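Chains as they are written, first to last, in this note's numbering: chain H, 0 to 197; chain P, 0 to 197.
Idealized CB from N, CA, C, for every residue including glycine.
Predicted model only: the values in this text are computed from it and were never measured.
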DNA sequence: TTTCTTTCTTACCATACATCAATGCATATC
DNA sequence: GATATGCATTGATGTATGGTAAGAAAGAAA
């Protein structure tokens with residue numbers, strides 16, 4: 000297994016040297032899952048972060064009526080995890096499954112400790128990830144509080160054009176907090192006003 | 000100024016000793032603002048985190064139409080900040096103002112560096128704050144995606160009973176993403192089914 | 001007290017979005 | 001080829017919530 004995305008990520012984003020990466024090579028554990036397979040289910044403790052080497056994951060919750068609320072998608076070079084579950088060692092209330100056949104690198108606390116030991120810069124990178132995450136969540140909340148389905152959809156395809164093309168429409172609807180039917184109508188209205196995303 | 004809440008917080012939550020707190024005493028800067036005064040406005044870089052010693056703050060954004068979307072309230076012992084703005088040194092898109100006359104402790108990067116130096120345990124505490132923050136944001140997004148105004152309101156008064164009693168209803172409405180009128184109707188319906196929060 | 005201001009409520013109507021049900025249209029399976 | 005399955009669209013209708021406007025209630029100020 001090559002895992003080139005993962006290694007490039009560490010070289011460029013985390014500023015590790017090739018030599019440093021070689022030192023942790025034996026700790027890199029990857030896993031391949033089929034479409035529909037789960038990496039995390041409600042009730043489990045989420046002891047890994049999943050780096051998407053290839054493929055597409057979704058992170059979602061079930062509400063009381065059993066409806067899926069998609070909180071996040073993750074394509075190549077994204078990391079997804081219920082960090083809270085890992086951090087507080089509490090059962091997760093979320094699910095992670097694969098929308099496409101997907102290869103992930105499984106990052107656990109051991110791995111993080113080791114990398115931090117080799118290069119303390121990794122800690123800085125990790126914090127940047129958290130900060131970015133919070134920012135995107137703030138934006139998400141703002142949009143959900145105030146914006147129409149149309150506005151939210153336009154923001155989505157602008158922010159995640161790659162995801163837009165790879166996931167079924169009903170999942171985008173779930174991410175936006177509307178029904179698939181409503182999203183279909185939003186798209187129809189946009190088409191009528193001659194909107195071209197690409 | 001006594002700042003007992005702040006010091007107790009550091010003693011208990013951050014596990015600093017009295018001696019260690021004495022060492023940073025000269026770095027503790029507090030500020031008192033009147034009701035309606037701002038601690039942060041859109042366009043400014045948010046170089047502080049604000050620990051609420053006494054009073055009540057709100058953290059909000061304005062949408063395109065000028066409507067306030069309240070993202071967070073902060074009562075005694077809470078910390079509020081646009082950490083993203085501080086971290087990336089970019090102008091904030093948010094506002095922080097006082098709902099009650101409020102005394103805050105202004106925490107800047109210098110302060111954080113100094114405390115971390117004195118007691119590395121502070122870093123752990125800081126990360127716990129971030130993790131908790133992300134968890135609460137996830138929950139918020141889940142509720143906004145799937146739950147009715149009534150459900151969101153019930154969750155709010157359960158999660159923040161103290162805030163519920165101290166802020167005007169139209170601000171709770173703004174936090175929930177509904178109009179004050181709608182919230183009033185939700186409350187009426189709850190009263191009719193003989194709901195007692197306390 | 002009286003007045004002024006802000007907040008909350010209520011009534012009426014409008015609208016965005018949900019729900020239900022039918023149809024179309026691919027792609028997969030037999 | 002026929003048929004099943006999953007997804008997108010459409011129409012009819014329902015419902016939750018929004019918008020407007022007015023009045024009631026509660027504080028704040030005079």
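- prompt: Is it a yes or a no for the stretch 77-90 of chain H touching the stretch 38-49 of chain H, going by three-plus beta-carbon pairs under 8 Å?
  reply: The stretch 77-90 of chain H vs the stretch 38-49 of chain H: in contact.
- request: Let me know the secondary structure DSSP gives residue 157 of chain P once reduced to three states.
  value: Against the second chain, residue 157 of chain P aligns to sequence position 158. Helix, per DSSP.
query: Tell me which same chain residues have a C-beta within less than 7 Å of the C-beta of residue 179 of chain P, skipping the five on either side of it?
result: For the purposes of this step, residue 179 of chain P is taken as residue 180 along the second chain, with counting starting at 1. Within the same chain, residue 179 of chain P has close Cβ partners 168, 169, 172.
message: My assumption, with CB atoms under 8 Å, is that residue 19 of chain P sits in contact with residue 118 of chain P. Please give the rounded CB distance.
response: Taking the first residue of the second chain as position 1, residue 19 of chain P is located at position 20. Taking the first residue of the second chain as position 1, residue 118 of chain P is located at position 119. With a Cβ gap of about 6 Å, residue 19 of chain P and residue 118 of chain P count as contacting.
Cutoff 7 Å: residue 140 of chain H Cβ touching any chain P Cβ: Here residue 140 of chain H corresponds to residue number 141 of the first chain, with the count starting at 1. Residue-level contact by beta carbon holds for residue 140 of chain H and chain P, with a gap shorter than 7 Å.
Pick from P/184, P/75, P/38 that is closest to residue 247 of chain P, judged by C-alpha positions: This structure gives no information on residue 247 of chain P, because the portion of chain P shown stretches from 0 to 197.
task: Consult DSSP for residue 168 of chain P and reduce its assignment to one of helix, strand or coil.
output: Within the second chain, numbered from 1, the residue matching residue 168 of chain P stands at position 169. Residue 168 of chain P: helix per DSSP, three-state reduction.
task: Answer with buried or exposed for residue 63 of chain P, where buried requires no fewer than 16 other C-beta atoms within 10 angstroms of its C-beta.
output: Sequence index remark: in the second chain, residue 63 of chain P carries index 64 (1-based). Its Cβ having fewer than 16 others within 10 Å, residue 63 of chain P is exposed.
message: As a quick exercise: from H/143, H/41, H/192, H/163, pick the residue whose alpha carbon is nearest that of residue 177 of chain H.
response: Position 178 of the first chain, counted from the first residue, corresponds to residue 177 of chain H. Considering only alpha carbons, the answer is H/143.
field: Within chain P, the residues that residue 143 of chain H reaches when beta carbons sit closer than 8 Å
entry: Position 144 of the first chain, counted from the start, is the residue given in the question as residue 143 of chain H. Simply 140, 143, 144, 176.
Buried versus exposed, by CB contacts within 10 Å (16 or more), residue 114 of chain H: By 1-based counting over the first chain, the position of residue 114 of chain H is 115. Burial of residue 114 of chain H is indicated by the presence of at least 16 other C-beta atoms within 10 angstroms of its C-beta.
message: Could you compute how far the alpha carbon of residue 105 of chain P sits from the alpha carbon of residue 27 of chain H?
response: Within the second chain, residue 105 of chain P is the residue found at index 106, counting from 1. Within the first chain, residue 27 of chain H is the residue found at index 28, counting from 1. Rounded to whole angstroms, residue 105 of chain P to residue 27 of chain H spans 42 Å at the Cα level.
task: Indicate whether residue 129 of chain H and residue 129 of chain P have their beta-carbon atoms separated by less than 7 Å.
output: Working through the first chain from its first residue, we reach residue 129 of chain H at position 130. Working through the second chain from its first residue, we reach residue 129 of chain P at position 130. In this structure, residue 129 of chain P lies closer than 7 Å to residue 129 of chain H by Cβ.
- prompt: Sorted by chain position, which residues of the same chain lie with C-beta nearer than 6 Å to residue 37 of chain H's C-beta, five sequence neighbours on each side aside?
  reply: Indexing the first chain from 1 puts residue 37 of chain H at position 38. Once the five neighbours on either side are set aside, the close Cβ partners of residue 37 of chain H are 96.
task: Anything in chain H within Cβ reach of residue 23 of chain P, meaning under 7 Å, just list it in chain order.
output: Locating residue 23 of chain P in the second chain gives position 24, counting from the first residue. Residues of chain H passing the Cβ test: none, with the nearest at roughly 22 Å.
query: How is the beta strand (DSSP E) around residue 52 of chain H delimited, first residue to last?
result: For the purposes of this step, residue 52 of chain H is taken as residue 53 along the first chain, with counting starting at 1. Segment 48-53, the beta strand (DSSP E) holding residue 52 of chain H.
message: Quick check on residue 114 of chain H: does DSSP put it in helix, strand or coil?
response: Here residue 114 of chain H corresponds to residue number 115 of the first chain, with the count starting at 1. The DSSP-derived three-state label of residue 114 of chain H is helix.
query: CA-CA distance, residue 42 of chain H and residue 90 of chain H?
result: For the purposes of this step, residue 42 of chain H is taken as the residue at position 43 of the first chain. For the purposes of this step, residue 90 of chain H is taken as the residue at position 91 of the first chain. If you draw a straight line from the Cα of residue 42 of chain H to the Cα of residue 90 of chain H, it comes to about 5 Å.
task: Measure the alpha-carbon distance for residue 73 of chain H versus residue 181 of chain H and round it to whole angstroms.
output: Translated into the one-based positions of the first chain, residue 73 of chain H becomes position 74. Translated into the one-based positions of the first chain, residue 181 of chain H becomes position 182. The alpha-carbon atoms of residue 73 of chain H and residue 181 of chain H are separated by roughly 24 Å.
Assumed close pair residue 123 of chain H, residue 52 of chain H - CB separation to whole angstroms, cut-off 8 Å: If you number the first chain from 1, residue 123 of chain H lands on position 124. If you number the first chain from 1, residue 52 of chain H lands on position 53. The pair is not a contact, with the Cβ atoms about 23 Å apart (cut-off 8 Å).
task: Output, in chain order, the set of chain P residues within a Cβ distance shorter than 8 Å of residue 47 of chain H.
output: Stepping through the first chain from its first residue, residue 47 of chain H is reached at position 48. Within chain P, no residue has its CB atom less than 8 Å from the CB of residue 47 of chain H, the nearest being about 16 Å off.
message: Less than 8 Å between C-beta atoms, sequence neighbours within five positions excluded: which residues of the same chain meet that for residue 121 of chain H?
response: For the purposes of this step, residue 121 of chain H is taken as residue 122 along the first chain, with counting starting at 1. So the qualifying residues of the chain are 13, 15, 111, 114, 115.
field: Same chain only: Cβ atoms within 8 Å of residue 185 of chain P, ignoring 5 sequence neighbours per side
entry: As a working mapping, residue 185 of chain P is identified with position 186 in the second chain. So the list reads 148, 149, 152, 177, once near-sequence residues are dropped.
Partners in chain H for residue 28 of chain P, counting only beta-carbon separations shorter than 7 Å: Position 29 of the second chain, counting from 1, holds the residue named residue 28 of chain P. At a C-beta separation below 7 Å, residue 28 of chain P has no neighbours in chain H, since its nearest C-beta there lies roughly 24 Å away.
message: Is it buried or exposed, residue 65 of chain P, if we count other Cβ atoms within 10 angstroms and call 16 or more buried?
response: One-based indexing of the second chain puts residue 65 of chain P at position 66. Exposed, by the Cβ-count rule.
query: Which residues in the same chain as residue 84 of chain H place their Cβ atom closer than 6 Å to its Cβ, once the five residues preceding and following it in sequence are excluded?
result: Here residue 84 of chain H refers to the residue found at position 85 when the first chain is read from its first residue. Exclusion of the five residues before and after residue 84 of chain H leaves 44, 45, 91 as the residues of its chain whose Cβ lies within less than 6 Å of its Cβ.
Rounded straight-line distance, which links the Cα of residue 165 of chain H to that of residue 209 of chain P: This structure cannot settle anything about residue 209 of chain P, because the visible part of chain P is limited to 0 through 197.
message: With a threshold of 7 Å between beta carbons, is residue 59 of chain P in contact with chain H?
response: As a working mapping, residue 59 of chain P is identified with position 60 in the second chain. So, not an interface residue.
Interface positions of the stretch 113-139 of chain H facing chain P (Cβ-Cβ less than 7 Å), listed along the chain: Taking 7 Å as the Cβ-Cβ cut-off, the stretch 113-139 of chain H approaches chain P at 129, 130, 132, 133, 134, 136, 137, 139, given in chain order.
field: Short-range partners of chain P found in the stretch 70-83 of chain H, where Cβ spacing is below 7 Å
entry: Identification of residues in the stretch 70-83 of chain H having a C-beta nearer than 7 Å to some C-beta of chain P yields 70, 82, 83, given in sequence order.
message: For residue 146 of chain H and residue 23 of chain H, I'd like the C-alpha separation in whole angstroms.
response: As a first step, residue 146 of chain H is located in the first chain; it is residue number 147 there, counting from the start. As a first step, residue 23 of chain H is located in the first chain; it is residue number 24 there, counting from the start. Looking at the backbone, the Cα of residue 146 of chain H and that of residue 23 of chain H are separated by about 45 Å.
message: Just to confirm before moving on: does the CB-CB distance between residue 86 of chain H and residue 60 of chain H stay below 7 Å?
response: On the first chain, position 87 is the one that residue 86 of chain H refers to. On the first chain, position 61 is the one that residue 60 of chain H refers to. Their beta carbons are not under 7 Å apart, which means residue 86 of chain H does not touch residue 60 of chain H by this criterion.
message: Taking 7 Å as the threshold (C-beta atoms), are residue 70 of chain H and residue 140 of chain P in contact?
response: Counted from its first residue, the second chain places residue 140 of chain P at position 141. Counted from its first residue, the first chain places residue 70 of chain H at position 71. When the beta-carbon positions are compared, residue 140 of chain P and residue 70 of chain H come within less than 7 Å of each other.
- prompt: Are the C-beta of residue 12 of chain P and some C-beta of chain H separated by less than 7 Å?
  reply: By one-based count along the second chain, residue 12 of chain P stands at place 13. Chain H, which has no Cβ nearer than 7 Å to the Cβ of residue 12 of chain P, makes this no.
- request: Could you check if residue 68 of chain P is buried or exposed, using at least 16 other CB atoms within 10 Å of its CB as the buried criterion?
  value: Locating residue 68 of chain P in the second chain gives position 69, where the first residue counts as 1. Its Cβ being crowded by 16 or more others within 10 Å, residue 68 of chain P is buried.
task: Could you have a look at residue 177 of chain P and say whether DSSP puts it in helix, strand or coil?
output: As a first step, residue 177 of chain P must be located in the second chain, where it is residue number 178. Three-state DSSP puts residue 177 of chain P in coil, outside helix and strand.
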